[in-house]
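Going by the working numbering, 1075 is the number at position 164 of the sequence shown; the sequence numbering is gapless.
Below: one structure, written as structure tokens.
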Amino acid sequence: MRPASTHNIPILLTSSVVAHDKGVRLQDPSERARLAMESVQQWRTIAPHSPLVLCDGSGFDFQPMLATLLSSGPVECLYFQNNVELVQLHGRGYGEGEIVRHAIEHSSLIQSAGSFAKCTSKLWVDNFSACMQQWNGRLLMKGVFDHVFSPHKATTLAYIDTRFYAMDVRTYRRHFLCAHEAIRAQNGYGLEESFRDVFLNEQLQGCLMSPPPVISGVGGGTGAYYKNTPLRQFKEKWRYQLVKRDSLFRSLFA
């Protein structure tokens, strides 16, 4: 069966206007809301007809702000309250897992499409169309590899970049629905490492996206805009090309 058109895949933006994780630098709720809206506007330029689902885990309703924007595609707002105690204990990755779970259970757009492309709010993917050209109807993710340029150390999959990925709901429910519950922030084991271990333990293949996504916007942890210089983008693409040529990892890529 041929996968559905990527134009029909809702883009899920995960938000927490109130930062329950007090370790992040960007704490001002008004600035966090403003940057989330900047992300919405960028996504409307990148994928003007794609449905958008903005889901906030701190009880913030974006609907009044979104009503002022001209939109060419459907937009859905969801909000609820994360488990604040567990987010403070395990970090924002735990909250993000709760937000995605809430979205796939309550979003009519995601339920109708059966799949979604998730991006952390305040961010967007400049080369979204290029990344989604390899959409297989199941799963696309970015793997981050260590020691790619080192001649003396073996290349390893360090973690899965959870800022952006695309997945069908069945795959998420089967493999990643409870990934955030394995986070142990005090041991340096976050959502990215949990996704990596699910990915490896379940032997998921043919789903690492190439080219890698060019992610722009403001990181909530740093409060600063990413610096996607041409040199950095070239190095990232070259890193991926080297990993794809390695027989140990070739089957992982879409």
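All residues carry an ideal CB built from backbone N, CA and C; glycine is no exception.
In this structure, Ser1018 places its C-beta atom within 8 angstroms of the C-beta atom of Glu987. Excluding residues up to 5 positions away in sequence, Phe1106 and Val1109 lie with their Cβ nearer than 7 angstroms to the Cβ of Phe1087 in the same chain.
Under the three-state reduction of DSSP, Gln938 is assigned to coil, being neither helix nor strand. In the DSSP assignment, Tyr1151 falls within the unbroken alpha helix (DSSP H) covering Pro1141 to Arg1156. In the structure shown, Cys1118 falls within a coil segment according to DSSP collapsed to helix, strand and coil. For Ala1077, the enclosing beta strand (DSSP E) covers residues Thr1067 to Asp1079.
Contact annotation, Asp1037 with Lys1053: C-beta distance approximately 14 angstroms; criterion of less than 8 angstroms not satisfied. By the C-beta density criterion, Leu980 is exposed, having fewer than 16 other C-beta atoms within 10 angstroms. Secondary structure within the stretch 933-1020: the beta strand (DSSP E) runs of 3 or more consecutive residues, fully enclosed, are 963-967 and 986-990 (chain order).
Counting C-beta atoms within 10 angstroms of its own C-beta, Trp1149 has fewer than 16 neighbours from the protein chains shown and is therefore classed as exposed.
Gly970 and Gly1006 do not touch by the CB rule: their CB atoms are close to 12 angstroms apart, not below 8 angstroms. Under the three-state reduction of DSSP output, Phe1110 falls in the helix class. By the neighbour-count definition (other C-beta atoms within 10 Å, threshold 16), Asp932 is a buried residue.
Following the DSSP letters along the chain, one finds Ser1040 inside the alpha helix (DSSP H) bounded by residues Phe1039 to Met1043. Checking the DSSP bridge columns, you'll see Ile1126 partnered with Val1036. About 7 angstroms separates the CB atoms of Cys1118 and Arg1049; that is less than 8 angstroms, so the two are in contact. Beta-bridge partners of Lys1053 (DSSP): Asp1072. Around the CB of Ala1135, fewer than 16 other CB atoms lie within 10 Å, so the residue is classed as exposed.
Where Cys1030 is concerned, the enclosing beta strand (DSSP E) starts and stops at Ser1026 to Thr1031. Counting C-beta pairs closer than 8 angstroms gives fewer than three between the stretch 1122-1130 and the stretch 1081-1095, which falls short of the contact rule. Around the CB of Thr1031, 16 or more other CB atoms lie within 10 Å, so the residue is classed as buried. Exclusion of the five residues before and after Gly1025 leaves Asp1079 and Val1080 as the residues of its chain whose Cβ lies within less than 7 angstroms of its Cβ.
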